[in-house]
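> Sharing a structure here in structure tokens format.
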Amino acid sequence: MNQSPTEPLKRTPLHAAHLRAGARMVPFGGWDMPVQYAGVKAEHDAVRNAAGVFDVSHMGEFRVQGAGALAFLQHVTTNDVSKLKPGRAQYNWLPGVSGGLVDDIYIYMVAPDEYLTVVNASNIAKDWAHLQQHAGEFDVTLTDESDRWALLAVQGPQTESLLQPHTGTDLSAKKKNAFFPAKLFGFDVMLARTGYTGEDGFEVFTDASEAETVWDKLLAIGLTPAGLGARDTLRLEAGFPLYGHEFSDTIHPLSSTYSWVVKDKTHVGHEHIRMAPTQTLIGLKLERVPVREGYPVKVGGEVVGHVTSGTSSPTFGHPIAMALVNAEHAGADIFDVEVRGKDHPATRVALPFYKR
1 MNQSPTEPLK
11 RTPLHAAHLR
21 AGARMVPFGG
31 WDMPVQYAGV
41 KAEHDAVRNA
51 AGVFDVSHMG
61 EFRVQGAGAL
71 AFLQHVTTND
81 VSKLKPGRAQ
91 YNWLPGVSGG
101 LVDDIYIYMV
111 APDEYLTVVN
121 ASNIAKDWAH
131 LQQHAGEFDV
141 TLTDESDRWA
151 LLAVQGPQTE
161 SLLQPHTGTD
171 LSAKKKNAFF
181 PAKLFGFDVM
191 LARTGYTGED
201 GFEVFTDASE
211 AETVWDKLLA
221 IGLTPAGLGA
231 RDTLRLEAGF
241 PLYGHEFSDT
251 IHPLSSTYSW
261 VVKDKTHVGH
271 EHIRMAPTQT
281 LIGLKLERVP
291 VREGYPVKVG
301 GEVVGHVTSG
311 TSSPTFGHPI
321 AMALVNAEHA
331 GADIFDVEVR
341 GKDHPATRVA
351 LPFYKR
């Protein structure tokens, strides 16, 4: 999302809490967001080994209701929404009319004929326009609830044990992709056993007016506040694509390892998404030199692609990257990544880099 120099950055309901916690704030997708508190590695390690909490209230939420809600969602997404039952969630794609993705999203089934979709923060306006454009022929009502909700992502292996004493719901009975109402610290919330870190966890949907109190109570029971820096290193280790990096309007989404998201049905842009991609997303391991988005990737001195995301992995202690390369070169074992005019060897490794 392009931000006008004179347009103020948006703030989540937790902005004051981030400042109190000593967060370093940065612009992100039009929002003023915490990139780190104690430091990226400390926050990353806390999520891998214990539990942390992220403010992801900048994400957008759209409610889809009506007798035609399922037919509409089937039309505008690639995954099979009919497989959902109330209380279940599903990762999905919004395909473009002529290729690429409008966005990657999560769909939560609230009740028959009622769904909540969560979309990427930088794509809220674009996604809303896209859905409105395709809603006309369906008996469906769309409501933008992005300002109503605050969204907190509690992630890490100790998440369940830390949250359980503060809710009357048996969290151990809730499987991955469960979505359900609960009381947390006495507040009415919706919980989803979903996340973006490669760890177990729950995303907490809470009323924006109550978010700061819920946040403070989460920190009081031992959760580590974590910022966008750790969120990015965690998702990259877990091999999760990020819109604007591994996915976009112009990148064929089947370049990734997510072909399972496309089911055998007719949907917006179905004829384009079934064309064979000319690029493949691969994982790369380097010995010493961290690489960043856009760096050229080579085989035998020839540029065959580029880095889409890169970091120095806190878990493994060496640089890792995801890269889009020409499909005919994707099977090579050794690549070079050009950093400031110098080539550095990189070994292809399977995605994800990390799996608990």
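For the sequence shown, position 128 (counting from the first letter as 1) is numbered 128 according to full-length UniProt numbering, and the numbering increases by one without interruption. Backbone N, C-alpha and C define an ideal beta-carbon position, used for all residues, glycine too.
1) Could you check what DSSP says for residue 320 in three-state terms: helix, strand or coil?
2) For residue 158, list the residues DSSP reports as bridge partners.
3) Below 6 Å CB to CB, which residues in the same chain sit around residue 143 once its five sequence neighbours on both sides are set aside?
4) Between which two residues does the beta strand (DSSP E) carrying residue 339 extend?
5) Look at residue 339 and residue 284 and say whether their C-beta atoms are less than 8 Å apart.
6) Between the C-alpha atoms of residue 296 and residue 330, what's the straight-line distance to the nearest angstrom?
7) Can you tell me which of the three DSSP states residue 49 falls into?
8) Roughly how many angstroms separate the alpha carbons of residue 228 and residue 14, rounded to a whole number?
9) Which residue's Cα is closest to the Cα of residue 261: 79, 162 and 135?
10) Only counting the same chain, and skipping five residues up and downstream in sequence, which positions put a Cβ closer than 7 Å to that of residue 132?
11) For residue 223 versus residue 53, is the C-beta spacing smaller than 8 Å?
12) Just the Cα atoms here: how many angstroms apart are residue 129 and residue 135?
13) Just how far apart, CA to CA, sit residue 352 and residue 292?
14) Alpha carbon to alpha carbon, how far is residue 56 from residue 186? Give it in angstroms, no decimals.
15) Assuming the contact rule is C-beta atoms closer than 8 Å, residue 59 and residue 125 should be a hit. Round their C-beta distance to whole Å, please.
16) Mapping DSSP to helix, strand and coil, what is residue 203?
17) Buried or exposed: residue 165, going by 16 or more other Cβ atoms within 10 Å of its Cβ?
18) Counting beta carbon pairs with one atom in the region 339-350 and one in the region 270-277, are three or more of them shorter than 8 Å?
19) Are the CB atoms of residue 194 and residue 44 nearer to each other than 8 Å?
20) Helix, strand or coil: how does DSSP classify residue 1 here?
If we stick to the structure as given:
1) strand
2) Partner(s): none; residue 158 has no beta bridge.
3) For residue 143, the CB contacts under 6 Å within the same chain, skipping 5 residues up- and downstream, are 63 in chain order.
4) 334-339
5) No, these two residues do not count as a Cβ contact at 8 Å.
6) The straight-line gap from Cα to Cα measures roughly 14 Å.
7) helix
8) 14 Å
9) 79
10) Result list for residue 132: 142, in chain order.
11) yes
12) 10 Å
13) 18 Å
14) 21 Å
15) That belief does not hold up - the Cβ atoms of residue 59 and residue 125 are roughly 13 Å apart, past 8 Å.
16) strand
17) exposed
18) no
19) no
20) A caution first: residue 1 carries a pLDDT of 42, below 50, which makes its placement in the model unreliable, though a value can still be read off. DSSP places residue 1 in coil when its eight states are reduced to three.
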